[in-house]
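Here's the structure we're looking at; comments come further down.
Chains as they are written, first to last, in the UniProt record's numbering: chain A, 1 to 710; chain B, 1 to 710.
Set out below in structure tokens:
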């Protein structure tokens, strides 16, 4: 925005702030809009009945009259609005009437006059607004006016500022999107003009952090443009930007934490059942190859390793200090660790903010910050990093190497991750507890996993974000390379939020989270088990190169359910061209159904599965396969599994690399067959048609966000 | 409806039918509405410009003018509508104008004149309609007009006729229901008048089956009443009512089928790998105690049992004949079985309608019908009924007795049921394949299971219903006693349907199914795995007596996710009264959170779980418990499981019978603990917060439908 426009806005805000006001008057709001090129109806402020009639004649009838008072926010309630006033005489009478109403409503209200405004209408009634979200800061909103937005909450949010393309995307991101395109014979809106208006609002609140909320409601959008008929702007103290360390700095410390040359265990113990004992055992038995320094003021040696009274006494550099001592001893020990120059303090102890000890937590945060130590926790189980055989935790060791990194804000969820991993033999690169997140949070971890070649996907359980923008920035970068799966708990707990605007009232926590996480390219898991399954499956599925999904099934019944699941997962069932249809038909019985699903029918031998699946993998127009298997004597489960694993491997050799998922219906042997397939890169589940397709859908969501689909 | 009204409608329909018309004219439609007490705007038919002006003066200005022609269905397209005509002079001009437009649009159209109609509007614009659904017959629809119904498809369906209460329920069953109650300061509609209008439409189409579609669009509903501004009625051949046997007759045959004193196996074989061999083996090894008659023209004895050349040769009564012979031999053998007086023909063979052999299937249906034999299949795996140790199937035997009956339309899904049952040790009363459903269908099975004391819940996979009304009737009866779970496949395949009305276009298969299954009180499962889990869990959970759900959790993280899941499942988290809150607080650490979830915090001993869970079971105001367990050394998984099982059993003894579900987060020991809990009547799952709550939600859906909740 040019300097003049900014200056004009600055002046209005300074005046209001100087007067201690939080709500701008309508003329002030409209002045700001005009400065930012946001169209508003022709209008003027009248201080007498005569002046109001003159203004109306200039603007053109009909007009709207509105009371202007900094003390009356809800003008309609105060009887301060008259719509569709048609003649000069009516305008004069109207002026007197609303003035009288306003005085009756609030005798103490300062009244600046009456606004005379061009009556706009027709076209589509939409709402454009902006709020200051506690997590994400400035956020811009768009929805269709009236019932759609207010009753059905059909509204969409984005981080401000938005680009023109992002704003256009918002128009399509509401359920009633068709309406603006002219559904039901209505005039289509000028989408570009509307998107530009959204963009301008987003820039306005970005340029002026003290603008807390903007509400343009309604905006009338038709084929000729978009006009904001009513403007409400609320100002306040700008939110403080969170501190952010430079990326290189984060990476340097995180690398020392995940790949430490040495680990000290503060509170190491030889006594069974102690946390400091479990940590020592897990480090040693987990196979960690760096140096381990037990710290214990009373023992000269623990588990065969020389112990030190204090970390200060360790005659080597120490990268990581794992704390296994009660909360009250932490500050002093953390000072020592800081002076020693550790990169990471793994703060297992509880007894901080989660039990109400907020000051105690603040104290250790300050100690860590003073020494440049990054602190994980407090109140965590620790962390695992399998490429280094590092189990810095009091839980049981876990050593199945793989390529997904998981993090959890809750210890219980961390334990579920561990159990699920073990039972499904899920290969992981890291499992990290973030607990109270007093210091290290998800963006720090994403910054490390982004460049960590051992990690091909990241899955995070979180209940809140300390720095929503920091997270989105990090996620956007990571998503270009690898999927980021997020389980955001507290979805349905709509934060009770004091809102001074429609937009504010609509910005329930979860809707904002949902839209913005999507904008960041994150794959959101609807529940815990989904997060775990996505984490397990996404790294082993190759990325699809296009949207054409084909179902090949031995059970017609599974085919129907798999089709349902594909639609639910936002997948596109390929419209199979005639030549391909014919090619499939050549392999299946005459009463089988080609088309999509390709129904090979129930009693077929392995060769039918083999031929059709090979065709599906080899044909370039097909981008992903969903298989439905039906347990028969002719093609038993393990025969199917070995066959599919072989065909998929052979075709991969030839360069036909595509995601393949499978649903196995049958007796219990299908469980072993599913496991075998999973181990061979085919995501397979028994007794469910939904799960394999949901996982493929998650992979597609990521692939789209990463720009991999043409 | 009184006789006169019916007569008036009869006359209009007869005239139109006599003229070979399928669409009624607007005046005809309005005449029918008037006969049924459905308010329409004041109006009249004018055949001259002068007459139109006179009529308008009588009705009152403004008016609407509409062309009346049986040949012009889309009046607006033909330029045949003028809205808001304000003076007599304008009416005269308008008359001439639309006549000219209509002639230009279709020079051959018969034109009966111009309808002069009171201009109604204001209030709420709604749509009320009725269609003839291929599955359910007459169905009535309701939605809000305009964008809501046409873009967002916010519409709801019910079987016609509806009662006044059902019609009122429809008003609340759309997403935008608040609007009619006066959301956003709008005038609330007269709900009673609107419901009555819906009821009348439903009676009209019920009384006159030849009315194929009714479209009242828009209906203007305000505080004074509801007026149908536009009426479109389409007539056609009435659909044939499906044949229905008397309930006693169905029950008599089904009882002979499920509890047969004797079973013949047609095509019994001693040769391994043959279907007739598997069936024999399963009958014998399954432990069936009735007589078994192998039928085989070539063998004197099979598996130690005397064999017969034909079923006619069996010297005893035969209740059930299991067919294990190729399709081509079926008709003759079925004739024999019919003559022998069997109650049920279990038609395993494929090669009928599913392979295109529709005539062959029709042939055996006719044979069966002629002999009064009920036929299951063809193209099925057979059926199991565990109380009789009956495995009349070629699949492997299954003998875990329990109280859920499962049916499947697809063999693949049947196999998935079998595998899932075995791996989860799910106790079943029956597993039944219905296959092509040439004769026995879901209503027949429901009629049996309704009165079968061995069955406490029914779960059905279905792709279509032969007789939707028959199913709803049966389901409504059964649901009063036991849950009916339905997995309806083909949810998302919107049948391409030629529709002559808005209502018709809105009646996509699945929306109609969904609304009507709900109306029948059925618990619909969203996917295969959900159906299986509901089937496994619902019979063991006691029914709740009220809506107050309380979460007690050791992991705060699980508590948040469990709360999310409760909201998703339509459960009500109890607002805990102060005295109860205090009672919980007495058992948990000071930094734990009472309220709901009750967060007992992570490191607590078994006694904390015990005290809080016992309190939750004992307090009468709480109706269901959701437990979140966190694996710790202090309270290991099996300690938790045994403790909870014991407390639940003890409280049940005292009469505190409530559903309890649990989510276990932890290392792999939680799997064994979950199994233990399941076996002791607590529905528990590891690694998921969603599943236990979804199951509880399903139980609640049934309890509400059965009228068990106050």
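For glycine and all other residues, C-beta sits at the position ideal for the given N, C-alpha and C.
Boundaries of the alpha helix (DSSP H) harbouring residue 33 of chain A: 26-35, taken from the DSSP string.
Residue burial annotation: residue 163 of chain B is exposed, with fewer than 16 other C-beta atoms found within 10 angstroms of its C-beta.
Across the set A/382, A/236, A/38 and A/249, the C-alpha of A/38 shows the shortest separation from the C-alpha of residue 217 of chain A. The Cβ of residue 269 of chain A sits no closer than 8 Å to any Cβ of chain B.
Contact between the segment 104-115 of chain B and the segment 139-148 of chain A is absent: fewer than 3 CB-CB pairs across the two stretches fall below 8 Å. Residue 316 of chain A sits exposed, since fewer than 16 C-beta atoms from the chains shown fall within 10 Å of its C-beta. For residue 682 of chain A, there are no neighbours in chain B by C-beta distance under 9 Å, as the nearest C-beta there is about 18 Å away. Interface flag for residue 202 of chain B against chain A is unset, since no Cβ pair is found closer than 8 Å.
If only uninterrupted beta strand (DSSP E) runs of at least 3 residues are considered, those enclosed by the segment 284-330 of chain A are 291-295 and 320-323. Under a criterion of Cβ atoms nearer than 7 Å, no residue of chain B is adjacent to residue 588 of chain A; the nearest Cβ is some 12 Å distant. Interface flag for residue 415 of chain B against chain A is set, since a Cβ pair is found closer than 8 Å. Contact between residue 617 of chain A and residue 627 of chain A does not hold, since their C-beta atoms are separated by about 11 Å, which reaches or exceeds 8 Å.
DSSP lists A/322 and A/376 as the bridge partner or partners of residue 346 of chain A. For residue 105 of chain A, the secondary structure class from DSSP, reduced to helix, strand or coil, is helix. Check the Cα spacing between residue 676 of chain B and each of B/43, B/195, B/340 and B/638: the tightest is with B/638. For residue 188 of chain B, the nearest beta carbon of chain A is not closer than 8 Å to its own beta carbon.
A Cβ-Cβ contact shorter than 8 Å links residue 604 of chain B with residue 634 of chain B. Approximately 15 Å separates the beta-carbon atoms of residue 421 of chain B and residue 456 of chain B; this is outside 8 Å, ruling out the contact.
Taking 3 residues as the shortest admissible run, the segment 608-690 of chain A contains the following complete beta strand (DSSP E) segments, listed from N- to C-terminal end: 624-630, 660-665 and 683-686. A buried status is given to residue 361 of chain A, since no fewer than 16 other beta-carbon atoms sit within 10 Å of its beta-carbon. With respect to residue 193 of chain A, residue 229 of chain A sits apart: the two C-beta atoms are not nearer than 8 Å. Judged by their CB atoms, residue 338 of chain B and residue 370 of chain B are nearer to each other than the 8 Å cut-off.
Residue pairing from DSSP leaves residue 3 of chain A without any beta-bridge partner. If you draw a straight line from the Cα of residue 17 of chain A to the Cα of residue 6 of chain A, it is about 16 Å long. Residue 249 of chain A is classed as exposed because its beta carbon has fewer than 16 other beta carbons within 10 Å across all chains shown.
Checking the DSSP bridge columns, you'll see residue 701 of chain A has no partner listed.
Judged by beta-carbon spacing, residue 469 of chain B lies within the 8 Å limit of residue 159 of chain B, meaning their Cβ atoms are closer than that value.
Cβ contact annotation for residue 310 of chain A (same chain, cutoff 6 Å, sequence separation greater than five): 336, in chain order. With respect to the C-alpha of residue 105 of chain B, the residue from B/393, B/79, B/646 and B/511 having the closest C-alpha is B/79. Spatial neighbours of residue 62 of chain B in its own chain (CB-CB distance under 7 Å, excluding positions within 5 residues in sequence) are listed in chain order as 84, 85, 86 and 119. As DSSP reads the structure, residue 384 of chain A sits in a beta bridge with A/391 and A/431. By the neighbour-count criterion, in which 16 or more other beta carbons inside 10 Å mark a residue as buried, residue 393 of chain A falls on the buried side. Taking a contact to require three or more Cβ pairs closer than 8 Å, the segment 250-266 of chain B and the segment 46-56 of chain B do not qualify as touching.
Counting the other CB atoms within 10 Å of its CB gives residue 358 of chain A a total below 16, which places it among the exposed residues.
The DSSP-derived three-state label of residue 74 of chain A is coil. For residue 410 of chain A, the secondary structure class from DSSP, reduced to helix, strand or coil, is coil.
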